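Here the structure is laid out as structure tokens; the discussion comes afterwards.
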Amino acid sequence: MQIQQYALALHQQIKADTVKKQCKMCGKVTTFTDTTIQRHNANGKNIYQFAIYKCPKNHSWNKKLNIYKSFTEHVNPLSIVPTSFIEIEPGEKITSMQKGDFACEIKITSVNGIFRIDRTLADHLEGWSRTEIAHNIKTGKILLNNGLTKPSQKLSVHDKIFIDGK
Ligand SMILES: [Zn+2]
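So the sequence shown is numbered by the numbering used here: it starts at 1 and just counts up by one.
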């Protein structure tokens, strides 16, 4: 039996976040919109993560998101995906699972938002309904990190989903 390996990045399409606050440049309270661009600034041993917001006149405001203690959290060897993995593009489905005698492994390379395993697989496996997927999760034909899981399980980065398509 052939096991095809796939890589999947999960990103939620969300409406841009807005914040009402004083703009120092405009000199009044205005609406800042999240540009979805993030920036990392290093300051000594700390790394600050910011989201960049802009007012209607394009003035920036950096919203602080996170502080890391060192650079080590940034390069995780697990995040390096071997080239033998096929990248699943957003909105794309794996069609080979319809054929039957087939197994595949999907590696989650990044997660931005909340993704249930059953819904995610229904979105990316051609010809598989969510009911069918939930059944296969319960019967162990779909495994998460080599173990049994539940349909409502939320996916995390570096998770490995195994699917027995027989
Ligand atoms: Zn402004």
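Positions of the beta carbon are idealized from the N, C-alpha and C atoms, including for glycine.
In this text, all values refer to a predicted model and were calculated from it rather than measured experimentally.
Item, Value
"When burial is assigned at 16 or more other CB atoms within 10 Å of the CB, is Asp17 buried or exposed?", "exposed"
"Just to check, is the beta-carbon of Thr30 closer than 7 Å to a non-hydrogen atom of ligand 2?", "Absence of ligand 2 from the depicted structure is noted, with ligand 1 being the only ligands included."
"If the criterion is Cβ atoms closer than 8 Å, does the pair Gly113 and His40 meet it?", "no"
"Assuming Arg116 is part of the alpha helix (DSSP H), what are its boundary residues?", "Looking at the DSSP string, Arg116 is not in any alpha helix (DSSP H), and its letter there is neither H nor E."
"Expressed to the nearest angstrom, what Euclidean distance is found between the alpha-carbon atoms of Gln5 and Asn58?", "44 Å"
"Could you spell out where the alpha helix (DSSP H) holding Asn136 opens and where it closes?", "130-138"
"Return the CA-CA distance between Phe50 and Gln2, expressed in angstroms with no decimal places.", "44 Å"
"Taking its Cβ as the centre, do 16 or more other Cβ atoms sit within 10 Å of Leu148, making it buried, or is it exposed?", "exposed"
"Report whether the distance from the Cβ of Lys57 to the nearest heavy atom of ligand 1 is below 7 Å.", "yes"
"In three-state terms, what does DSSP make of Leu144?", "strand"
"Between Cys104 and ligand 1, is the CB less than 7 Å from at least one heavy atom?", "no"
"Can you check whether the CB of Ala122 is closer than 8 Å to the CB of Gly165?", "no"
"To the nearest angstrom, how far is it from the Cα of Leu155 to the Cα of Arg119?", "11 Å"
"Per DSSP, what are the beta-bridge partners of Thr30 in this structure?", "Lys21"
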